[in-house]
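Protein chains: 2
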Amino acid sequence: MAERVTLKNLAEATGVSVSAVSMALRDHPRISEAKRTEIKRIAAEMGYIYNRQAASLRRGTTDSVSICINDLHNPVFIEFLTAIESEFRRSGKLVLLCNAHEDPEIQASFVRRMLEQGSAGLLLSPVEGTEPAELREIVRDRFPTVFFSRMLEGSDFDHAISDDAGGMQLAVDELVRLGHRQFAWIGGGQRTSTARARYRGFKTALERHGLPCPPEQVERVAETSREAGRQAMAAILKRAPHVTAVVCFSDLLALGAIMACHEAGRRIGKEISIIGHDDLEEASYIEPGLSSVKVAKEEIGRAAARLLLDRIIDPDAPAAREVIAPRLVLRGSTGPCLSADADGLNHFAR
Amino acid sequence: MAERVTLKNLAEATGVSVSAVSMALRDHPRISEAKRTEIKRIAAEMGYIYNRQAASLRRGTTDSVSICINDLHNPVFIEFLTAIESEFRRSGKLVLLCNAHEDPEIQASFVRRMLEQGSAGLLLSPVEGTEPAELREIVRDRFPTVFFSRMLEGSDFDHAISDDAGGMQLAVDELVRLGHRQFAWIGGGQRTSTARARYRGFKTALERHGLPCPPEQVERVAETSREAGRQAMAAILKRAPHVTAVVCFSDLLALGAIMACHEAGRRIGKEISIIGHDDLEEASYIEPGLSSVKVAKEEIGRAAARLLLDRIIDPDAPAAREVIAPRLVLRGSTGPCLSADADGLNHFAR
DNA sequence: GTATTGAAGTCAAACGATTGAGCGGGCGTG
DNA sequence: CACGCCCGCTCAATCGTTTGACTTCAATAC
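First to last, the protein sequences are chains X and B.
Quick note on numbering: the first sequence equals residues 0 to 349 in numbering that gives the first Met the number 0.
Quick note on numbering: the second sequence equals residues 0 to 349 in numbering that gives the first Met the number 0.
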C-alpha cells in the first residue's frame with residue numbers, strides 16, 4: 000500500500016504552497032483559474048485522496064448523518080429507510096447506516112462511535128429495552144437525535160411515529176363491523192412503545208365494543224418474525240379454536256399466522272380473519288392478500304429526516320412530536336364472520 | 000451546544016499533562032492505577048467525548064469497515080448482511096452500511112467518502128453498471144476491497160459469490176426431470192454478473208437437454224421486484240400460454256410471477272411450475288411454497304468478511320475468488336408436468 | 001557514596017488540512 | 001511619480017490526539 004498522497008506532496012510537485020493547493024482544490028477564488036486546473040490535474044494524476052479526518056478536525060464540521068435501525072430483518076424498516084435516505088440526499092448529506100440487530104450494545108456502540116467520529120446527527124429506531132437515561136448520557140446535549148418508528152417514552156427527544164393505538168382501533172372496528180366477536184392478539188411484549196400502544200389500541204377498541212379478549216387468546220412473542228407468528232397462531236388454534244378474528248402486531252407476524260392457518264386447514268378470510276400492521280409490499284403478493292394497517296412510511300421517514308435537519312440547525316428548539324395517522328387497507332384475509340356465535344350476537348344486539 | 004471537552008480541558012481539571020490524560024484513558028501502564036481511575040472519573044463527569052478524527056489522524060488507523068449494498072429492498076441482501084456483520088463484530092470492527100439504491104453515483108460517493116474518512120476496507124455488492132476501471136480509479140491500490148454476491152468481471156478484486164450458473168442448471172434439471180419441456184425465463188438484463196451467469200446456466204442446461212427457449216418465452220425485467228415479476232409473467236402467459244415451467248432470476252421475481260398466475264387462474268405447481276433463486280425466508284411462508292435455488296448466504300457472507308480481513312492484513316496477496324455451491328430446495332410451486340406436449344415428449348424420447 | 005534502574009510523568013513534534021494575516025508586485029489614480 | 005489597492009499567493013498557527021524522547025525522583029545495587 001503506497002504512502003498516501005498529501006497536500007504537501009502536491010505542493011512539492013506543483014511548486015506552490017500547501018495552502019495554495021488546498022484552496023485550489025476547493026475552488027477558492029484567491030487562486031487563479033489556470034493554477035486551479037493545473038493543480039487539480041496533478042492531484043488526479045498522483046491519486047490524491049482528500050483526508051476528511053484532518054479537514055474535519057480543522058474545520059469542526061461534517062456533512063454525514065447516521066441512522067441506526069433496531070432490526071433490518073423487518074422489511075418495514077427498509078421502506079422507512081428509503082424515504083429517509085432520499086430526503087437526506089436531497090440536502091447533500093451522506094447517510095451512514097447501522098443494523099442494531101435488536102441489541103442494545105450494538106446500538107450504544109454505534110451511537111457512541113458516531114459521536115466520536117463526528118456525525119451531524121442521529122436518527123434512531125431504538126432497540127427493545129433502550130434506556131432513555133442511558134442514551135441521554137451518551138448523546139448529552141451535544142448530538143442532534145431524532146427517533147422514528149418507535150418512541151422513547153419519558154424522554155424529550157424529537158419523534159416521528161405512526162399513531163399505533165389508533166391504527167389498531169381501525170383494525171378492530173373493521174373486524175367488528177364484519178361480525179367478529181372472538182378476537183385473538185398476536186404481538187410483542189411490553190418493551191417497545193409500538194408493542195404497548197398497539198396492544199392498548201386493540202384492547203381499547205374491544206372494550207368500546209363491549210367485547211372481551213381473555214388471556215388465552217393473547218399470545219406474546221419474543222421476536223417479530225414469520226416463524227414467531229406461525230407458532231403463536233398454532234398455539235391459539237389449539238387453545239382457542241373458536242377465535243375468528245386475529246389481530247397481529249405486525250405483518251411479519253401475520254404472515255406467519257396465515258401459514259399456521261394454512262397448515263391447520265383453516266380458510267383465511269372465510270373461517271378466520273387475520274389483520275396485520277405495517278402494510279408490507281409482501282402483503283399484496285400473497286393469496287389471499289393480507290389486510291393491514293398501512294403505516295405512512297414515506298411521510299414518517301420524510302418527517303423524521305426533516306426533524307433532524309431542523310434540530311441540527313437549532314439545537315435548542317423545543318422537542319417536536321409528529322404522530323402520523325395510518326389507514327386501513329383491506330384485502331382477502333379479512334371477511335364476514337361465518338360462525339353464528341350466540342354469545343357474540345348478544346353482545347352485538349345490545 | 001456546549002463546547003466539546005478535550006484532553007486539554009481534562010488536563011487542566013486534573014492538574015496533569017495532556018499526554019498523561021491521553022495515556023490514562025487508554026490504560027497505558029505508564030500512568031499509575033490511582034491516577035488512571037481519577038482521570039477517568041473526571042472525564043466521565045465532564046462528559047468527555049473521544050475525538051476519533053484527531054486520534055485517527057495521528058495514529059493513521061481505523062477499526063471500521065464499510066459495506067455498500069446495491070439495493071436493500073431485496074431481502075436476500077439483508078440475509079447476506081447479517082452473516083457479514085456478525086463476522087466483523089467477532090473481530091471487533093464496526094460496520095458502516097450504505098444502501099446504494101442501484102445507483103452508481105450513490106455507490107461511488109459512498110466509496111469515495113469511506114476512503115476519505117478512513118475505513119479499513121470495503122465490502123461491495125456492486126450496483127448495475129459498475130465500471131471496474133472507474134472503481135479501480137477510486138480505490139486505487141490503497142483500499143482493501145472485496146466483492147460479494149455479484150462479481151465484477153474483468154477485475155482483479157477478491158470475490159465471494161454463489162455459483163450462479165450452476166444453481167440455474169440444478170433448477171432446469173429438476174424441472175426436466177418432472178417432465179417439463181416448455182420453459183420460460185424471467186430475469187434481468189445483462190448488466191450484472193448474476194443476471195448473465197444465471198441466464199447462461201439456464202440456457203446451457205436447456206441445450207444439454209436438447210430443449211429450446213424461443214425469444215417470446217424470455218422476459219427481461221428492468222428491476223428485481225415483485226411487481227416486475229408479475230408483469231413479466233402476465234406477458235408470458237399471454238404470449239406463450241403453453242409454457243409449463245418458469246425459471247426466475249430471483250425469488251422476488253418469482254413471487255410476482257406466482258401472483259400473476261393466481262390472477263390468471265393458473266394453479267401453481269400443477270398447471271404451471273415456478274422456480275426462483277435465493278431462497279428467501281418468504282419462500283416458505285406462502286402457499287404453495289416456492290421452490291428455489293438456495294444460496295449459501297451465511298457461508299458467502301462469512302467468506303466475504305474473511306476475505307476482507309485477510310486483504311486488510313496482506314494487501315499484496317493474489318486475488319481470491321470463492322465460489323460457493325447453492326442447492327435446490329423443493330416446495331409446492333414445482334410439480335410434474337401435466338400437459339402431454341407431443342413435441343416435448345419427442346425431445347425427451349430422443 | 002556513586003552508578004543504575006525503574007516508575008511516573010512531562011515535552012514537543014508530529015498527523016493533514018484550513019485560514020486569517022501578511023506580502024510583493026503590477027496597475028490605476030490623482 | 002507616489003500612493004493605495006487589489007491580485008495571487010505564502011506563512012504560520014491551529015484543530016485534538018498520540019508518541020518517542022526526555023526528565024525527575026526515589027529506591028536499589030555494588
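Backbone N, C-alpha and C fix where the C-beta goes; we use that ideal spot for every residue, glycine too.
9 Å Cβ cutoff, residue i in contact with chain X
i, result
"VAL75 of chain B", "no"
"LEU27 of chain B", "It is worth fixing the name first, because residue 27 of chain B is His in this sequence and not Leu. So, not an interface residue."
"VAL20 of chain B", "no"
"THR5 of chain B", "no"
"ARG349 of chain B", "Low confidence applies here, because ARG349 of chain B scores a pLDDT of 35, under 50, leaving its location unreliable and the question unanswered by this model."
"ARG330 of chain B", "no"
"ARG229 of chain B", "yes"
"SER124 of chain B", "no"
"SER63 of chain B", "yes"
"ILE105 of chain B", "yes"
"HIS346 of chain B", "Unreliable positioning characterises HIS346 of chain B in this predicted model, as indicated by a pLDDT of 43, which lies under 50. A coordinate reading is not provided."
Chain-ordered neighbours of residue i on chain X, where CB pairs are closer than 8 Å
i, result
"ASN69 of chain B", "None at all; the shortest Cβ gap to chain X is about 13 Å."
Minimum Cβ-Cβ distance from residue i to chain B less than 9 Å
i, result
"GLU281 of chain X", "yes"
"GLU115 of chain X", "yes"
"ASN98 of chain X", "yes"
"GLU84 of chain X", "yes"
"THR223 of chain X", "no"
"ILE235 of chain X", "no"
"THR81 of chain X", "yes"
"SER16 of chain X", "no"
"ARG88 of chain X", "yes"
"PRO325 of chain X", "no"
"GLY343 of chain X", "The predicted model places GLY343 of chain X with a pLDDT of 44, which falls under 50 and marks its position as unreliable, so this point remains unresolved."
8 Å contact criterion, which residue i and residue j should meet: CB distance rounded
i, j, result
"VAL145 of chain X", "LEU307 of chain X", "4 Å"
"ARG293 of chain B", "ASP278 of chain B", "Note on identity: in this sequence residue 293 of chain B is Lys, with Arg being the wrong assignment. LYS293 of chain B to ASP278 of chain B, Cβ: 4 Å. Contact."
"GLY120 of chain B", "ILE311 of chain B", "5 Å"
"PHE325 of chain B", "GLY166 of chain B", "Per the sequence presented here, residue 325 of chain B reads as Pro, with Phe not at that position. Confirmed, about 4 Å."
"ARG35 of chain B", "ALA23 of chain B", "5 Å"
"THR61 of chain B", "SER118 of chain B", "6 Å"
"SER290 of chain B", "SER332 of chain B", "5 Å"
"ALA304 of chain X", "PHE87 of chain X", "6 Å"
Beta-carbon neighbours of residue i, restricted to chain B and to distances below 8 Å
i, result
"CYS336 of chain X", "Within 8 Å Cβ-Cβ: nothing; CYS336 of chain X doesn't reach chain B, min ~23 Å."
"PHE109 of chain X", "LEU93"
Interface residues of chain B facing residue i [CB-CB closer than 7 Å]
i, result
"LEU254 of chain X", "TYR284"
"ARG112 of chain X", "LEU93"
"HIS72 of chain X", "ILE77"
- Given a limit of 7 Å on CB to CB distance, which residues of the segment 256-285 of chain B reach chain X? Taking 7 Å as the upper bound on Cβ-Cβ separation, chain X lies near residues MET258, HIS261, GLU280, GLU281, TYR284, ILE285 of the segment 256-285 of chain B.
- Name, going along the chain, the residues of the segment 47-61 of chain X whose beta-carbon falls closer than 7 Å to a beta-carbon of chain B. Along the segment 47-61 of chain X, going in chain order, the ones with a CB nearer than 7 Å to a CB of chain B are ILE48, TYR49, ASN50, ARG51, GLN52, ALA53, SER55, LEU56.
- Task: Would you be able to state if there are at least three C-beta pairs under 8 Å between the segment 110-127 of chain X and the segment 33-49 of chain X?
- Result: Taking a contact to require three or more Cβ pairs closer than 8 Å, the segment 33-49 of chain X and the segment 110-127 of chain X do not qualify as touching.
- Select from the segment 137-165 of chain B all residues with a C-beta closer than 8 Å to any C-beta belonging to chain X, and list them in chain order. Hits within the stretch, in order: ARG139, ASP140, ARG141.
- Segment contact flag, the segment 286-306 of chain X with the segment 72-84 of chain X, C-beta cutoff 8 Å, min 3 pairs: They touch, by the three-pair rule.
- Item | Three or more C-beta pairs below 8 Å linking the segment 250-264 of chain B and the segment 228-236 of chain B | Result yes; three or more Cβ-Cβ pairs closer than 8 Å.
- Query: Can you find at least 3 beta carbon pairs, one from the segment 88-103 of chain X and one from the segment 171-187 of chain X, that sit closer than 8 Å?
  - Reply: Between the segment 88-103 of chain X and the segment 171-187 of chain X there are fewer than three C-beta pairs closer than 8 Å, too few to call the two in contact.
- Message: Check whether the segment 151-168 of chain X and the segment 95-109 of chain X touch, using three or more Cβ-Cβ pairs below 8 Å as the test.
- Response: These segments do not touch.
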